[in-house]
Amino acid sequence: MAEFQLLIANKNYSSWSFRPWLLLKKLEIPFEETLVMLKSEDFSKQVEQFSPAGKVPVLVEGDEGDVAIWDSLAIMEYVAEAHPEAWPQEREARALARSVSAEMHSGFMGIRNQLPMNCRAESRQVAFDDVCQKDIERIQAIWTECRLRYGQTGPWLFGDFTIADAMFAPFDLWYYLSW
Ligand SMILES: N[C@@H](CCC(=O)N[C@@H](CS)C(=O)NCC(=O)O)C(=O)O
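Residue numbering for the sequence shown follows the working numbering, beginning at 6 and increasing consecutively.
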């Protein structure tokens with residue numbers, strides 16, 4: 006029995022599900038994945054037994070569901086408590102990683118509205134509005150800053166893979182699939 010159970014929706018569409026799933030995979034933390042179908046009749050019943058918020062992702066720990074954590078960023082913070090390598094080790098780098106992760110978690114409405122995640126989409130033609138264009142430029146600026154300041158030791162935003170990479174991964178996929 007895995008230590009963790011992760012309740013998530015379809016990772017092709019649910020970016021919030023995809024992020025903690027990717028972190029657990031990258032850190033090689035064993036977990037059991039439970040797929041809950043968005044818009045299905047029993048979605049609420051399945052999710053609300055663990056989360057009063059009624060949304061996925063939810064991380065459940067313990068055989069009896071002793072600990073349940075909902076919200077993608079809260080889940081990843083919980084994982085980081087036992088796996089500190091989930092954040093950069095250096096204090097200033099960690100502060101920047103937390104800032105850009107929180108910025109992604111709470112913003113980028115232009116991208117969310119105009120570029121909903123669909124990893125399987127090919128040659129999607131989207132006309133960006135100014136809000137979306139500004140979001141894209143902000144992401145490019147974040148990636149540039151993180152890579153220039155802290156990216157020397159590896160291919161990720163802070164060298165090694167961290168929560169910040171998981172937060173930006175849905176956009177990363179779209180970016181590379183589109184160009
Ligand atoms: N801020 C939350 C967002 C979670 C969220 O919106 N999840 C969506 C799927 S991507 C959901 O469960 N929607 C179902 C509903 O709203 O009924 C997080 O970071 O986990």
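A virtual CB, placed ideally from N, CA and C, is assigned to each residue, including glycine.
Just so it is clear, the structure is predicted and the values come from calculations on it, not from any experiment.
Query raised in the report: Going by Cα to Cα distance, which pick from Gly115, Ser19, Pro35, Leu28 is closest to Ala171?
Result: Among Gly115, Ser19, Pro35, Leu28, the Cα nearest to that of Ala171 is on Leu28.
Report task. Enumerate in chain order the residues of its own chain whose CB-to-CB distance from Tyr83 is below 7 Å, with the five nearest sequence positions on each side excluded. Result -> Only Leu64, Ile74 meet the Cβ criterion.
Report task. Let me know the secondary structure DSSP gives Phe166 once reduced to three states. Result -> coil
Query raised in the report: Sorry if obvious, but does the Cβ on Val61 come closer than 7 Å to a heavy atom of ligand 1?
Result: Yes, since a heavy atom of ligand 1 falls inside the 7 Å radius drawn around the Cβ of Val61.
Report task. Using the Cα positions of Gln157 and Asp165, report the straight-line distance between them to the nearest angstrom. Result -> 9 Å
Query raised in the report: Which stretch, first to last residue, makes up the beta strand (DSSP E) that contains Trp21?
Result: Here Trp21 belongs to no beta strand (DSSP E); instead the alpha helix (DSSP H) covers 20 to 31.
Query raised in the report: What residue does the alpha helix (DSSP H) around Ile34 start on, and which one ends it?
Result: Looking at the DSSP string, Ile34 is not in any alpha helix (DSSP H), and its letter there is neither H nor E.
Report task. With hydrogens ignored, establish whether the beta-carbon of Leu120 is closer than 7 Å to any heavy atom of ligand 1. Result -> Not a single heavy atom of ligand 1 lies less than 7 Å from the C-beta of Leu120.
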